[in-house]
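K.L.:
As given, the protein sequences belong to chains A and B, one line each in that order. Quick note: the first sequence, position 38, residue 37 per numbering that gives the first Met the number 0, numbers continuous. Quick note: the second sequence, position 3, residue 2 per numbering that gives the first Met the number 0, numbers continuous. Got a structure for you, questions after.
There are 2 protein chains.
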Amino acid sequence: MALEKKIDCVILGLLSHEDLTGYEIKKRMDTTLRYFWGASYGSIYPTLSDLVSRGLAVKHDGTENGRTKIIYSITEDGRLYLKEWLKAPAEKDEMRYETLLKLFFGNEGGASQAISHINAFKDKIERELTYLLGAEDILKKNLDRDDTHKYYLLTAQFGIKTYRAYLEWCEEAKTMLCKGEE
Amino acid sequence: MALEKKIDCVILGLLSHEDLTGYEIKKRMDTTLRYFWGASYGSIYPTLSDLVSRGLAVKHDGTENGRTKIIYSITEDGRLYLKEWLKAPAEKDEMRYETLLKLFFGNEGGASQAISHINAFKDKIERELTYLLGAEDILKKNLDRDDTHKYYLLTAQFGIKTYRAYLEWCEEAKTMLCKGEE
DNA sequence: AGATTATATATCATAGTGATATATTTGTCA
DNA sequence: TGACAAATATATCACTATGATATATAATCT
């Protein structure tokens, strides 16, 4: 029933912490947020214009090293809008795992193909886990600096927990598939 | 780089097991597949027409209890198309968890609000876990009947593993947030 | 000097959602 | 047995978001 577009809320959320350019927002999406949310340029730039026209953000031109950029800040109205959205219960948590999909139809391709999908998945998750453990370390060291770090840490730890569970499952799944191969 | 639309592949995957109507496909999506993939009527019906026009599926009218329905079957070309897609490595596994998003920006709303988001998440996951454990039980009993059940079981066990990890995280996250509240 | 990578903004065709409309049949329960 | 709700079944549409691409400048590497 909520009328808030997610992309509006994510961008306002990021702007509630610091002023950012569209490019910087995309970088946050691809690093910090990518474990549970994504966004593309095709939604970021139009949304920024839209937020400005609705008075939820303001833009001002900046120059850094001769390069010009457009820096966006959240307004008081934007902060109110964000808080309203944060109050409302989460509407949807969903996974979209192509690996699982290929595994579900795995009988069509056979066990060895399924195992190679699991191995590729495992490699990817191991890499992500290494990154997240590094992030956790840094966040723990900065916990008392700023209250926001506590919440960042929480989401990083969610990723660590689930990725470890994934890795356990990978081993069990491979064992089960190998048993069938004999 | 792969040109296959996911929705084409999911539907062909389902049709590779049994003939289905659009309505039945939607039901599979909302029950068996919902833990790792979703699809709406708005993509299912147009895709079915499209698959027929490309020769990857055929439709035939059926009647059951006086009610008419359109039943779709996969063709040999459709099966080939599916197998090609299954061979290719998975391109994207992504989570889109609004709960995590609200938690990431949690400082704006405060600890008690964050805790109620976690509690709602926990309740939802507990319900899903109960369902998945029931499904696992049934699948285990039918393991020797049909090879496809092995792959279904694998994906159910993925869900069980991860949901248990989520529940562990919920407790730890709440503990951490309560500590800050004192 | 030349090439590559990073910064920065923007647009567009296409994919997919969520809501809604429509109609029939089955089940419930008073 | 009549009324009403729920399930079955198909379809469409406005809107949201992606992924690819285009363009241009600054920094870095060799």
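Ideal placement from N, C-alpha and C gives every residue a C-beta, glycine not left out. Because the structure is a prediction, the values reported are computed rather than measured.
Put serine 39 of chain A into one of helix, strand or coil per three-state DSSP.
P.N.:
Here residue 39 of chain A refers to the residue found at position 40 of the first sequence. Note: serine 39 of chain A maps to coil in three-state DSSP.
K.L.:
Nearest CA to the CA of glutamate 125 of chain A: which residue from A:Thr46, A:Arg78 and A:Ala164?
P.N.:
Taking the first sequence and counting its residues from 1, the one referred to as residue 125 of chain A is at position 126. Looking at the Cα atoms, A:Ala164 is the closest of the given residues.
K.L.:
If you measure between the beta carbons of tryptophan 84 of chain B and glutamate 3 of chain B, is that distance less than 7 Å?
P.N.:
Within the second sequence, residue 84 of chain B is the residue found at index 85, counting from 1. Within the second sequence, residue 3 of chain B is the residue found at index 4, counting from 1. Cβ atoms of tryptophan 84 of chain B and glutamate 3 of chain B: closer than 7 Å.
K.L.:
Which parts of the segment 53-102 of chain B are runs of the beta strand (DSSP E), unbroken and 3 residues or longer, counting only runs that do not cross its ends?
P.N.:
56-63, 66-73 and 92-96
K.L.:
Determine the direct distance from the alpha carbon of lysine 68 of chain A to that of isoleucine 159 of chain B, and round the result to whole angstroms.
P.N.:
Counting from 1 along the second sequence, the entry for residue 159 of chain B is found at position 160. Counting from 1 along the first sequence, the entry for residue 68 of chain A is found at position 69. Linking isoleucine 159 of chain B to lysine 68 of chain A through their CA atoms gives a straight-line distance of about 47 Å.
K.L.:
With a threshold of 16 other CB atoms inside 10 Å of the CB of aspartate 230 of chain B, please say whether the residue is buried or exposed.
P.N.:
Nothing can be reported for residue 230 of chain B, as the shown portion of chain B is limited to 0 through 181.
K.L.:
Hey, does isoleucine 106 of chain B have any beta-carbon neighbour from chain A nearer than 7 Å?
P.N.:
Translated into positions along the second sequence, residue 106 of chain B becomes position 107. The amino acid at residue 106 of chain B is misidentified as isoleucine; the sequence shows asparagine. Judged by the 7 Å Cβ criterion, asparagine 106 of chain B is in contact with chain A.
K.L.:
Within the 7 Å Cβ cut-off, does proline 45 of chain B reach chain A?
P.N.:
The residue labelled residue 45 of chain B in the question sits at position 46 within the second sequence. Chain A contact via Cβ: absent.
K.L.:
What residues match up with leucine 32 of chain B in a beta bridge as DSSP calls it?
P.N.:
Taking the second sequence and counting its residues from 1, one reaches residue 32 of chain B at position 33. Leucine 32 of chain B is not bridged to any residue.
K.L.:
So that I know if they touch, is there some Cβ in chain A lying closer than 7 Å to that of serine 42 of chain B?
P.N.:
As a working note, residue 42 of chain B is residue 43 in the second sequence. No - not a single Cβ of chain A is within 7 Å of the one on serine 42 of chain B.
K.L.:
On the DSSP letters alone, give me the boundaries of the alpha helix (DSSP H) that phenylalanine 120 of chain B sits inside.
P.N.:
Here residue 120 of chain B refers to the residue found at position 121 of the second sequence. Its alpha helix (DSSP H) spans residues 110-140.
K.L.:
Heavy atom of the ligand MG less than 6 Å from the Cβ of threonine 147 of chain B, yes or no?
P.N.:
You won't find the ligand MG in this model; it holds no ligand whatsoever.
K.L.:
Under the DSSP definition of a beta bridge, which residues are partnered with leucine 19 of chain A?
P.N.:
The residue labelled residue 19 of chain A in the question sits at position 20 within the first sequence. BP columns for leucine 19 of chain A point to A:Tyr71.
K.L.:
Rounded C-beta distance between leucine 153 of chain B and alanine 172 of chain A? I'm assuming under 8 Å.
P.N.:
Taking the second sequence and counting its residues from 1, the one referred to as residue 153 of chain B is at position 154. Taking the first sequence and counting its residues from 1, the one referred to as residue 172 of chain A is at position 173. With a Cβ gap of about 5 Å, leucine 153 of chain B and alanine 172 of chain A count as contacting.
K.L.:
What does the alpha-carbon distance come out to for the pair alanine 73 of chain B and aspartate 29 of chain B?
P.N.:
Locating residue 73 of chain B in the second sequence gives position 74, counting from the first residue. Locating residue 29 of chain B in the second sequence gives position 30, counting from the first residue. A quick correction: the sequence has isoleucine, not alanine, at residue 73 of chain B. Computed Cα separation, rounded: 21 Å.
K.L.:
Whose CA, out of B:Leu79, B:Thr147 and B:Thr98, lies closest to the CA of glycine 109 of chain A?
P.N.:
Position 110 of the first sequence, counted from the start, is the residue given in the question as residue 109 of chain A. Out of B:Leu79, B:Thr147 and B:Thr98, B:Thr147 has the C-alpha closest to the C-alpha of glycine 109 of chain A.
K.L.:
When you compare only the Cα positions, how much space is there between lysine 5 of chain A and phenylalanine 104 of chain B?
P.N.:
Residue 5 of chain A sits at position 6 when you count from the first residue of the first sequence. Residue 104 of chain B sits at position 105 when you count from the first residue of the second sequence. The straight-line gap from Cα to Cα measures roughly 13 Å.
K.L.:
Thinking alanine 119 of chain B and leucine 138 of chain B are a contact (beta carbons under 8 Å), I'd like their distance in whole angstroms, please.
P.N.:
By 1-based counting over the second sequence, the position of residue 119 of chain B is 120. By 1-based counting over the second sequence, the position of residue 138 of chain B is 139. 29 Å between Cβ atoms; not a contact.
K.L.:
Can the beta-carbon of isoleucine 70 of chain B be found less than 7 Å from the beta-carbon of aspartate 18 of chain B?
P.N.:
Position 71 of the second sequence, counted from the first residue, corresponds to residue 70 of chain B. Position 19 of the second sequence, counted from the first residue, corresponds to residue 18 of chain B. Yes. Within cutoff.
K.L.:
Can you check whether the CB of asparagine 141 of chain A is closer than 7 Å to the CB of tyrosine 204 of chain B?
P.N.:
Since the displayed chain B opens at 0 and closes at 181, residue 204 of chain B lies outside it and no answer follows.
K.L.:
Compute the beta-carbon to beta-carbon distance between glutamate 97 of chain B and alanine 89 of chain A, rounded to the nearest angstrom, for a pair I have assumed lies under 8 Å.
P.N.:
Counting from 1 along the second sequence, the entry for residue 97 of chain B is found at position 98. Counting from 1 along the first sequence, the entry for residue 89 of chain A is found at position 90. The pair is a contact, with the Cβ atoms about 4 Å apart (cut-off 8 Å).
K.L.:
List, in order along the chain, the chain A residues whose C-beta lies closer than 9 Å to that of methionine 28 of chain B?
P.N.:
Here residue 28 of chain B corresponds to residue number 29 of the second sequence, with the count starting at 1. Within 9 Å Cβ-Cβ: nothing; methionine 28 of chain B doesn't reach chain A, min ~11 Å.
K.L.:
If we define contact as Cβ-Cβ less than 7 Å, is aspartate 92 of chain A a contact residue for chain B?
P.N.:
Taking the first sequence and counting its residues from 1, the one referred to as residue 92 of chain A is at position 93. Output row for aspartate 92 of chain A: interface = yes.
K.L.:
Where does lysine 4 of chain A sit, in a helix, a strand or coil, going by DSSP?
P.N.:
Reading the first sequence from its first residue, position 5 is the one you call residue 4 of chain A. Secondary structure of lysine 4 of chain A (DSSP, three-state): coil.
K.L.:
Distance check for leucine 50 of chain B and leucine 102 of chain A, CA to CA, integer angstroms please.
P.N.:
Position 103 of the first sequence, counted from the start, is the residue given in the question as residue 102 of chain A. Position 51 of the second sequence, counted from the start, is the residue given in the question as residue 50 of chain B. Each residue's Cα considered, the two are about 22 Å apart.
K.L.:
Is glycine 21 of chain A near leucine 47 of chain A, with beta carbons less than 7 Å apart?
P.N.:
Counting from one through the first sequence, the residue named residue 21 of chain A turns up at place 22. Counting from one through the first sequence, the residue named residue 47 of chain A turns up at place 48. In contact: glycine 21 of chain A and leucine 47 of chain A (Cβ atoms closer than 7 Å).
K.L.:
Please name the residues in the segment 72-86 of chain B whose beta-carbon is closer than 9 Å to at least one beta-carbon of chain A, in chain order.
P.N.:
The segment 72-86 of chain B vs chain A, Cβ under 9 Å: Arg78, Leu81, Lys82, Trp84, Leu85 and Lys86.
K.L.:
Below 7 Å CB to CB, which residues in the same chain sit around threonine 161 of chain A once its five sequence neighbours on both sides are set aside?
P.N.:
Here residue 161 of chain A corresponds to residue number 162 of the first sequence, with the count starting at 1. Closer than 7 Å at the Cβ level, and outside the excluded window around threonine 161 of chain A, lies no residue.
K.L.:
Less than 7 Å between the C-beta atoms of leucine 13 of chain A and arginine 33 of chain A, yes or no?
P.N.:
Residue mapping note: residue 13 of chain A aligns to position 14 of the first sequence, counting from 1. Residue mapping note: residue 33 of chain A aligns to position 34 of the first sequence, counting from 1. In this structure, arginine 33 of chain A does not lie closer than 7 Å to leucine 13 of chain A by Cβ.
K.L.:
Run down chain A in chain order and give the residues with a C-beta less than 9 Å from the C-beta of lysine 140 of chain B.
P.N.:
Looking up residue 140 of chain B in the second sequence gives position 141. Per Cβ cutoff of 9 Å: no residues; lysine 140 of chain B is ~16 Å from chain A at best.
K.L.:
Within the same chain, show all residues whose beta-carbon is closer than 7 Å to that of tyrosine 80 of chain A, passing over the 5 residues directly before and after it, in chain order.
P.N.:
Here residue 80 of chain A corresponds to residue number 81 of the first sequence, with the count starting at 1. Once the five neighbours on either side are set aside, the close Cβ partners of tyrosine 80 of chain A are Leu11 and Leu55.
K.L.:
Among the residues of its own chain, which have a CB less than 8 Å from the CB of proline 45 of chain A, if the five just before and after it don't count?
P.N.:
Here the question's residue 45 of chain A lines up with position 46 in the first sequence. Within the same chain, proline 45 of chain A has no close Cβ partners at all.
K.L.:
Check each residue of the segment 50-63 of chain B: if its Cβ is closer than 9 Å to any Cβ of chain A, include it; give the result in chain order.
P.N.:
none
K.L.:
Note down, in chain order, every chain B residue with its Cβ under 9 Å from the Cβ of arginine 95 of chain A.
P.N.:
To locate residue 95 of chain A, count along the first sequence from 1; it is residue 96. Correct list: Lys5, Phe35, Trp36, Gly37, Lys91, Asp92, Glu93, Met94 and Arg95.
K.L.:
Work out the CA separation of histidine 116 of chain A and lysine 123 of chain A for me, nearest whole Å.
P.N.:
Position 124 of the first sequence, counting from 1, holds the residue named residue 123 of chain A. Position 117 of the first sequence, counting from 1, holds the residue named residue 116 of chain A. Each residue's Cα considered, the two are about 11 Å apart.
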